[in-house]
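Read the structure below first, then the notes.
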Amino acid sequence: MPKRVAVVGAATLGVTAAIVLGTAAAASAHVEATATSTAADSYTTATFSVPHGCDGSPTTKLTFHVPESIIEVTPTVNPNWTITKTTEPYTSPSASSDDESAEDAGKRVTGVTYTAKTPLPADERDTFSLSFSLPDGKAGDRVELPVTQTCEQGSTEWDQHQEDGKAEPEHPAPSILLTKAVATEADGDPVEATAAAADTTATAGPDLVGRFLGLGGLVLGAAALVVAVASTRRRTGK
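By the count of the working numbering, the sequence shown reaches residue 470 at its end, each step adding exactly one.
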């Protein structure tokens, strides 16, 4: 009986390990994004890792689709790829109040495409970096940048939305999870409160020292008076 239990236990462990390793392998096969900053309304550089081709076919092109919440993107040069950007006219939300005309409207980057000078083998990986300003939002908001991976044979759309608390889809879009915005000097309150506290500390120090010096002066004055009285009595006695 103990031997049978041991065999069953070993088999269970083997199956569990296979499931875990299989899940890890599947996760590592995704196009993933790593950001230098995740704070809302901050500037960041996101690095995307592309670990494989399309069902064994070499990768020839990657197109990063930029969401409307991001206006301008600066791609980092990769010597093995050429870079092109697609744009569309952009009018700021305050354009009507500023009387901004269509001719004066700017351009918003809608996509960045890296085209391989030599196709990337399916068993090799490469990384691509984009710099941009993260949108304003609350902690927990997800910023997704879908990617189209084109290969010599076929293509893969990494564009499926990842819902919090649910299983990861087969082809999730690379995403950045926002964290709380960082307070700056322009925000006022935190910085002003710190300055006020420092001010209070600075004024409290000298006041305390002054009190001790005053008390010391009184003690020395009293001692001098006692010595003077004693001297006078000695002279009178003589």
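In this text, a Cβ means the ideal position worked out from N, Cα and C, and glycines have one as well. Source: prediction; values computed, not measured.
| Test item: CB-CB of Gln394 and Pro404 under 8 Å | Taking the sequence shown and counting its residues from 1, one reaches residue 394 at position 162. Taking the sequence shown and counting its residues from 1, one reaches residue 404 at position 172. Yes; because the gap between Cβ atoms is below 8 Å, this pair is in contact.
Point to revise | Burial state of Gly397, where buried means 16 or more other Cβ atoms lie within 10 Å | key: On the sequence shown, residue 397 is found 165 positions in, with the first residue counted as 1. Gly397 is exposed by the Cβ-count criterion.
- Classify Lys293 as helix, strand or coil using the three-state DSSP reduction. Working through the sequence shown from its first residue, we reach residue 293 at position 61. Strand, per DSSP.
Quiz item: Does DSSP classify Glu384 as helix, strand or coil?
Solution: On the sequence shown, residue 384 is found 152 positions in, with the first residue counted as 1. If DSSP states are grouped into helix, strand and coil, Glu384 belongs with coil.
With a 10 Å radius around its C-beta and 16 neighbouring C-beta atoms as the bar for buried, classify Gly285 as buried or exposed. Reading the sequence shown from its first residue, position 53 is the one you call residue 285. It is buried - the Cβ of Gly285 has at least 16 other Cβ atoms within 10 Å.
Buried or exposed by the 16-neighbour rule on C-beta atoms within 10 Å, applied to Gln381 = Along the sequence shown, one-based indexing puts residue 381 at 149. Buried: at least 16 other Cβ atoms inside 10 Å.
Where does Tyr275 land, buried or exposed, given buried means 16+ other C-beta within 10 angstroms?
-> For this step, residue 275 is matched to residue 43 along the sequence shown. Looking at its Cβ environment, which holds fewer than 16 other Cβ atoms inside 10 Å, Tyr275 is exposed.
- Nonlocal neighbours in the same chain, by C-beta distance under 7 Å from Asp287, ignoring five residues either side: Indexing the sequence shown from 1 puts residue 287 at position 55. Gly386, listed in sequence order.
> Near Thr266, which residues of its chain fall below 6 Å by C-beta distance, leaving aside the five closest residues on each side in sequence?
Replying inline: Walking along the sequence shown from the start, residue 266 turns up at place 34. Closer than 6 Å at the Cβ level, and outside the excluded window around Thr266, lie Thr279.
**Study point:** Beta-carbon proximity list for Thr359, same chain, < 7 Å, skipping 5 on both sides
**Key:** Numbered from 1 along the sequence shown, position 127 holds the residue referred to as residue 359. These residues qualify, in order along the chain: Thr279, Phe280 and Ser281.
Can you name, in chain order, every residue of its own chain whose Cβ lies under 6 Å from the Cβ of Thr295, other than the five neighbours on each side?
Mapped onto the sequence shown, residue 295 falls at position 63. Same-chain partners within the cutoff: Gly343, Thr345 and Thr380.
message = If you reduce the DSSP assignment to three classes, tell me which class Asp358 lands in.
response = Locating residue 358 in the sequence shown gives position 126, where the first residue counts as 1. Correct three-state label for Asp358: strand.
| said: My output table needs one value for Ala348: the three-state DSSP class, helix, strand or coil. | reply: What you label residue 348 is simply residue 116 of the sequence shown in a count that begins at 1. Correct three-state label for Ala348: strand.
- [ ] Can you grab the Cα-Cα spacing for the pair Pro321 / Leu410, in whole Å?
- [x] For the purposes of this step, residue 321 is identified with residue 89 of the sequence shown, where counting begins at 1. For the purposes of this step, residue 410 is identified with residue 178 of the sequence shown, where counting begins at 1. In a straight line, the C-alpha of Pro321 is about 27 Å away from that of Leu410.
- Option in Trp390, Asp368, Val375 and Pro406 with minimal Cα separation from Lys412: Within the sequence shown, the letter at position 180 stands for residue 412. When only C-alpha atoms are compared, the closest one is Asp368.
Handout entry: Cα-Cα separation between Thr268 and Ala348, rounded to whole angstroms
Key = Position 36 of the sequence shown, counting from 1, holds the residue named residue 268. Position 116 of the sequence shown, counting from 1, holds the residue named residue 348. So the alpha carbons of these two residues sit roughly 25 Å apart.
Which of helix, strand or coil DSSP assigns to Ala271
Here residue 271 is taken as the residue at index 39 of the sequence shown, counted from 1. Strand.
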